[in-house]
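Residue numbers (my numbering), protein chains in the order written: chain W, 50 to 374; chain G, 50 to 374; chain L, 50 to 374; chain A, 50 to 374.
Protein chains: 4
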Amino acid sequence: MQPELDRRIPRRPGITSTRIEEDKAEILSGTFQGRTTGAPITMIVQNKDVDPQPYERFRDIPRPGHADYPARVRYGGFNDYRGGGRFSGRMTVALVMAGAIAKKLLASIGIEILAYALTIGNVSSKTDLAREELRKVVYSTSVRCGDREAAPLMEKAILEAAEVGDSLGGVVRAVAYDVPPGIGEPLFDSLDSELAKALFNIPAVKGVEFGSGFDAARSRGSLNNDPLVVKEGKVQFETNRAGGVLGGLSTGREIVLQVAFKPTPSIRRKQSSVNVVSVEETKLELTGRHDPCVVPKAVPVVEAVVSIVLADFMIRSGKIPKILE
Amino acid sequence: MQPELDRRIPRRPGITSTRIEEDKAEILSGTFQGRTTGAPITMIVQNKDVDPQPYERFRDIPRPGHADYPARVRYGGFNDYRGGGRFSGRMTVALVMAGAIAKKLLASIGIEILAYALTIGNVSSKTDLAREELRKVVYSTSVRCGDREAAPLMEKAILEAAEVGDSLGGVVRAVAYDVPPGIGEPLFDSLDSELAKALFNIPAVKGVEFGSGFDAARSRGSLNNDPLVVKEGKVQFETNRAGGVLGGLSTGREIVLQVAFKPTPSIRRKQSSVNVVSVEETKLELTGRHDPCVVPKAVPVVEAVVSIVLADFMIRSGKIPKILE
Amino acid sequence: MQPELDRRIPRRPGITSTRIEEDKAEILSGTFQGRTTGAPITMIVQNKDVDPQPYERFRDIPRPGHADYPARVRYGGFNDYRGGGRFSGRMTVALVMAGAIAKKLLASIGIEILAYALTIGNVSSKTDLAREELRKVVYSTSVRCGDREAAPLMEKAILEAAEVGDSLGGVVRAVAYDVPPGIGEPLFDSLDSELAKALFNIPAVKGVEFGSGFDAARSRGSLNNDPLVVKEGKVQFETNRAGGVLGGLSTGREIVLQVAFKPTPSIRRKQSSVNVVSVEETKLELTGRHDPCVVPKAVPVVEAVVSIVLADFMIRSGKIPKILE
Amino acid sequence: MQPELDRRIPRRPGITSTRIEEDKAEILSGTFQGRTTGAPITMIVQNKDVDPQPYERFRDIPRPGHADYPARVRYGGFNDYRGGGRFSGRMTVALVMAGAIAKKLLASIGIEILAYALTIGNVSSKTDLAREELRKVVYSTSVRCGDREAAPLMEKAILEAAEVGDSLGGVVRAVAYDVPPGIGEPLFDSLDSELAKALFNIPAVKGVEFGSGFDAARSRGSLNNDPLVVKEGKVQFETNRAGGVLGGLSTGREIVLQVAFKPTPSIRRKQSSVNVVSVEETKLELTGRHDPCVVPKAVPVVEAVVSIVLADFMIRSGKIPKILE
């Protein structure tokens with residue numbers, strides 16, 4: 050699991066926050082003699098290098114783009130306004146931990162999930178990256194992009210935005226290989242709806258689409274339908290504009306989805322806000338340590354979340370046996 | 050409730066299927082003397098004018114863009130392959146029925162949901178339509194668009210596609226007015242994740258985004274953050290690029306979301322498919338009654354689904370009292 | 050399924066209410082060509098021969114032993130006070146319908162559930178009835194007792210109570226045969242806790258116990274523990290004081306449980322109550338049609354409820370395959 | 050909270066196991082500046098003084114009355130067979146921790162839960178103990194009994210059983226005072242069914258009953274119904290044979306329930322078992338540290354579990370506000 054956690058943090062100065070996140074996971078329960086016992090697996094990562102001091106100010110002056118204001122209303126002012134709380138990107142550490150287990154389960158039946166930065170700011174990756182390539186390239190780049198040529202351009206875009214105290218957003222794509230057809234529950238627990246729900250719980254996500262997604266809305270039926278063909282004696286969909294999901298069920302093709310991340314709301318530039326106690330307008334300048342773009346850290350998180358949802362579905366479908374030998 | 054059901058079907062020849070859907074709802078339980086009793090409200094709409102005959106062929110030859118193939122795999126060939134089943138757009142009738150009740154609950158605390166066709170094919174509506182305008186215009190147009198000028202162009206695009214045996218997709222936007230701030234459960238039942246989950250359960254949905262959505266991914270923090278200001282003595286967000294959700298909680302601004310619908314998969318053009326019993330490639334020509342674009346019918350469905358999710362959250366938050374006077 | 054519903058009502062005058070309950074079940078969805086389709090199975094039984102008139106009075110004068118008063122408080126006076134509502138024994142018809150399906154699933158893997166009246170009033174059945182005997186005898190007696198000698202005494206006790214305008218309670222025992230060991234989820238969804246939860250939802254149930262139950266509380270460890278032995282080359286528990294459940298998991302022995310039913314609260318005798326509108330004490334005389342003992346009708350209901358819970362667990366454990374051939 | 054945990058362990062030699070359970074609770078998340086933050090409250094108690102060595106033997110030779118055998122089957126032999134696992138009484142520490150929070154919530158709206166040993170072996174407590182008396186007496190006795198005269202007899206019974214290497218069971222009663230009427234969800238989440246479910250999850254519980262419970266099964270309607278009267282201008286039930294629940298809803302009277310605990314299965318006497326690997330019968334002698342009766346430790350656990358369920362219902366009903374001042 051530790052390697053998964055380490056993947057969350059590119060060791061490239063400037064790309065991510067300078068906060069030191071060692072993120073050492075400790076297992077408290079659920080394993081014994083190198084195997085799971087059936088009991089819940091409890092893991093803990095201690096928050097170290099925490100500096101709550103800069104957060105004191107946001108108690109009364111909400112940061113634009115953050116949950117400070119609605120959280121204050123929701124919890125009657127008693128919300129924990131310090132960093133590292135439930136509205137923090139730190140929570141994604143837990144998702145990556147759970148994802149590490151889900152990936153192991155999926156690997157036992159041959160399913161693999163790969164994610165990568167499809168766009169960062171205005172820089173786009175190639176879209177037809179091969180599985181082998183993704184496996185090799187993504188984590189060798191600081192921006193977690195599978196396209197060797199786009200990666201340095203993405204990095205440059207981030208550094209330039211950071212230099213002027215600004216931030217960038219981007220799109221993460223995830224691909225799930227070798228998911229058998231017919232997975233999902235029609236109507237209320239469909240494969241795409243459960244994936245979308247889980248993905249929207251990642252901080253900073255503003256959009257989720259499958260296959261041709263929003264482009265499909267501008268297309269025509271004759272261009273967007275995936276024909277069926279026989280390949281190596283098997284029924285298959287020739288193309289994959291559906292992104293591997295039809296009627297809430299997997300089609301047998303790769304699950305392909307895109308997740309839109311907004312630009313990091315924490316920027317060094319002066320912003321307008323309000324002191325909610327005195328109800329007076331004011332300016333806010335953030336000085337803490339922030340990632341100028343969340344996408345590089347988000348790539349393994351998206352991978353983890355897709356893995357968790359798929360592992361649940363595979364268990365539910367009976368494809369992952371209750372007891373692995 | 051009946052008016053809500055009737056809104057599902059534009060009475061404009063050519064725009065929607067010629068199938069006669071009377072959709073008369075009957076209440077079986079849960080009301081007494083004009084009030085709810087606390088018991089589950091059971092409603093039923095009988096499927097009339099059903100012609101299962103054309104569906105016989107899809108049992109063995111799955112239609113591209115439909116769930117026929119994965120459903121066959123999922124249910125071992127015993128799935129009900131006739132029209133009107135769980136993978137059919139007919140299921141949205143139930144969503145509209147439930148939505149009618151949810152809307153009444155929301156109206157009791159001043160929340161209103163309005164949806165409209167934002168794009169159909171390549172025709173776009175204006176995006177800054179006022180609440181009053183939406184209320185007046187949307188259901189007076191055959192395509193359920195709030196923009197009087199775009200509406201006839203959208204209608205024309207649909208008729209042209211239909212003429213050549215093709216179909217169009219589009220984007221539906223929904224706006225929820227007067228949702229108080231702080232609604233939602235952080236992390237796992239966030240407001241946006243529950244809305245996304247519910248929306249992806251509508252047939253033909255391929256993408257969901259909030260506020261600036263996928264555009265945010267190409268923006269910068271300084272441009273995408275919504276500043277806070279004081280208006281009429283109250284703390285508010287000046288702009289609404291967040292679409293009314295931050296950290297999974299409502300911000301106090303309107304909830305604004307876009308839903309991408311793919312073009313109707315049922316088209317009259319000849320398509321490639323496979324006979325899954327003989328495992329031979331074949332051609333398929335559909336002759337049944339189909340909507341050349343699902344968007345007009347989808348508008349009240351999106352409205353209903355957003356209403357259902359919001360009503361649940363308002364009950365959960367205690368803002369809708371258990372017993373309405 | 051119809052035979053199951055018919056078993057609910059002994060055709061013996063005096064033993065059960067004279068209300069005519071035909072209870073014809075109609076299947077609305079979920080089956081096709083004699084098989085289930087994977088869609089929810091919706092069944093409906095129409096309430097016929099309903100006479101709401103006598104219930105008008107209980108609106109303001111709650112019947113002792115009934116939910117009239119708490120329901121009135123709970124629903125602010127808008128509860129449906131007529132007979133046949135959610136607090137009525139009529140709801141058990143739905144449990145029997147669902148149980149009929151559950152029994153079919155369980156039968157497909159060799160599990161059988163048999164229930165019978167263990168006691169009615171002060172009359173007790175023999176406790177060591179053989180499986181074959183139960184199968185043959187129970188539904189041949191008007192009181193649903195497996196013991197041919199006790200049955201007429203139970204019947205007599207009921208008729209005597211009815212004659213003086215009073216009612217009797219009793220205990221129903223259920224036995225589940227051939228449940229494999231290791232079924233259940235420890236701690237929060239244990240086999241016994243799920244069964245108990247479901248059973249307490251049957252109207253008039255006041256107690257649930259497994260195996261030696263409350264008697265175990267007066268016993269000693271050396272007398273109450275079930276030793277393990279080898280029988281026909283297999284590990285087994287020699288005795289079954291545990292009632293087939295240890296630590297929330299099935300032991301491999303029959304699941305044996307007892308359910309205590311209180312005497313029917315509706316009696317012809319004059320009772321004290323209060324007009325809750327005028328807040329004045331008053332007397333109440335019930336004249337409607339009532340069962341002088343709920344036990345005979347409760348036997349198939351307990352059988353159904355145990356079947357439903359066990360079928361859920363068997364599906365969850367993977368022992369019932371997703372698609373039955 | 051610590052006082053609640055300390056109540057779990059009577060400091061009277063001979064009555065409970067000599068294992069040293071310090072049970073110091075540490076709060077990891079969910080509180081800040083002396084208040085809850087709305088985030089989940091995570092608490093941890095480290096298992097100290099653990100000696101797994103004696104448990105090695107039960108891996109292959111299941112202890113009668115324990116979950117060893119079904120757990121082995123359930124988890125394919127990979128279950129954690131050491132003490133302190135999920136089938137251990139140690140898990141009740143977590144229930145007491147959660148119960149401490151639930152009690153605080155209930156106290157904020159005036160609800161109090163008191164539990165006590167009603168019987169231990171053949172010794173019974175008086176049944177009409179007053180609230181004040183229970184509050185004062187129960188935790189001043191080693192056996193957690195509210196009756197000063199029965200307490201030493203219960204203690205004596207336990208010591209005598211222990212002396213001959215045997216164990217005793219007993220019944221715990223819990224009373225919830227000042228629960229308003231109308232709490233509970235009819236049919237599937239009724240107040241009694243949720244309480245029963247939660248209580249059956251406590252290790253060693255074999256029966257649960259409300260009010261007159263199994264005695265009601267031998268009673269008559271005219272004797273078992275609780276009449277309604279006017280007291281101090283209010284509608285009330287005069288007696289409480291229902292144990293405060295009718296139709297799954299609270300009646301306004303105290304919730305009264307009894308829980309049957311079996312005798313501790315771990316006894317020093319020689320018992321018959323089977324080596325499940327060699328499939329040979331064998332004898333088993335337990336030498337570890339065991340409680341000769343679980344009832345004294347079970348009293349605060351029952352109190353905690355009832356508190357947890359009631360707190361959930363009070364939140365659900367809106368009677369406990371989302372934000373306490």
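Every residue gets a Cβ at the ideal spot worked out from N, C-alpha and C, and that includes glycine.
Chain-order list of chain W residues neighbouring residue 367 of chain L: 367, 370, 371, by C-beta distance under 9 Å. Residue 92 of chain G: not part of any alpha helix (DSSP H); member of the beta strand (DSSP E) spanning 91-94, first to last residue.
Going by beta carbons, residue 148 of chain L and residue 316 of chain L fall outside the 8 Å limit.
Cβ contact annotation for residue 278 of chain G (same chain, cutoff 7 Å, sequence separation greater than five): 285, 287, in chain order. Here the alpha carbon of residue 76 of chain W sits roughly 11 Å from the alpha carbon of residue 85 of chain W.
When the five nearest sequence neighbours on each side are left out, the beta carbons in the same chain lying within less than 6 Å of the beta carbon of residue 92 of chain L are those of 74, 76, 146, in order along the chain.
Within the region 106-120 of chain G, the residues whose Cβ lies closer than 7 Å to some Cβ of chain W are 111, 113, 114, 115, 116, 118, 119, 120, listed in chain order. For the pair residue 307 of chain A and residue 352 of chain A, the CB atoms are not nearer than the 8 Å cut-off. If you compare the alpha carbons of G/196, G/154, G/180 with that of residue 166 of chain G, the shortest gap goes to G/196. Per DSSP, residue 158 of chain A is not a residue of any beta strand (DSSP E), being assigned neither H nor E.
Inside the region 305-369 of chain G, DSSP marks whole alpha helix (DSSP H) runs of 4 or more residues at positions 344-365, from first to last along the chain.
Identification of chain G residues near residue 310 of chain W by a Cβ-Cβ cut-off of 9 Å yields 265, 266, ordered along the chain. Taking all protein chains in view, the Cβ of residue 189 of chain A is surrounded by fewer than 16 other Cβ atoms within 10 Å, so the residue is classified as exposed. Cβ contact annotation for residue 255 of chain W (same chain, cutoff 6 Å, sequence separation greater than five): 309, 311, in chain order.
For residue 80 of chain W, the secondary structure class from DSSP, reduced to helix, strand or coil, is strand.
Closer than 8 Å to the CB of residue 190 of chain L there is not a single CB belonging to chain G. Straight-line measurement puts the Cα of residue 260 of chain W at about 19 Å from the Cα of residue 169 of chain W. When DSSP states are grouped into helix, strand and coil, residue 275 of chain L belongs to the coil group.
Exposed is the label assigned to residue 227 of chain W, since fewer than 16 other Cβ atoms lie within 10 Å of its Cβ.
Per DSSP, the continuous alpha helix (DSSP H) segment holding residue 210 of chain L begins and ends at 199-212. Fully enclosed alpha helix (DSSP H) runs of no fewer than 4 residues occupy 240-249, 262-265, 270-273 of the region 234-306 of chain G, in order along the chain.
Less than 8 Å separates the beta-carbon of residue 236 of chain G from that of residue 297 of chain G. Considering only A/292, A/216, A/249, the residue with the shortest C-alpha distance to residue 268 of chain L is A/216.
Our two residues, residue 293 of chain W and residue 305 of chain W, have alpha carbons roughly 6 Å apart in a direct line. Taking a cut-off of 8 Å for Cβ pairs, the region 238-252 of chain W and the region 239-255 of chain G touch, as three or more such pairs fall below it.
Positions of the alpha helix (DSSP H) runs, each at least 4 residues long and wholly inside the region 167-191 of chain L, are given as 180-186 in order along the chain. Under DSSP, the beta-bridge partners assigned to residue 163 of chain W are W/224. Closest in C-alpha terms to residue 271 of chain W, from the list W/88, W/223, W/290, W/280, comes W/290. DSSP lists W/93 as the bridge partner or partners of residue 75 of chain W. Assigned with DSSP and collapsed to three states, residue 219 of chain A falls in strand.
Sequence-distant Cβ neighbours of residue 143 of chain W in its own chain, meaning closer than 6 Å and more than five residues away, do not exist here. Not flagged as an interface residue toward chain G: residue 337 of chain W, since no C-beta distance is shorter than 8 Å.
Approximately 50 Å separates the beta-carbon atoms of residue 128 of chain L and residue 113 of chain A; this is outside 8 Å, ruling out the contact. With a threshold of 16 other beta carbon atoms within 10 Å, residue 192 of chain W meets it and is buried.
Beta-bridge partners assigned by DSSP to residue 85 of chain G: G/80.
In this structure residue 299 of chain W touches residue 233 of chain W by the C-beta definition: roughly 6 Å separates them, less than 8 Å.
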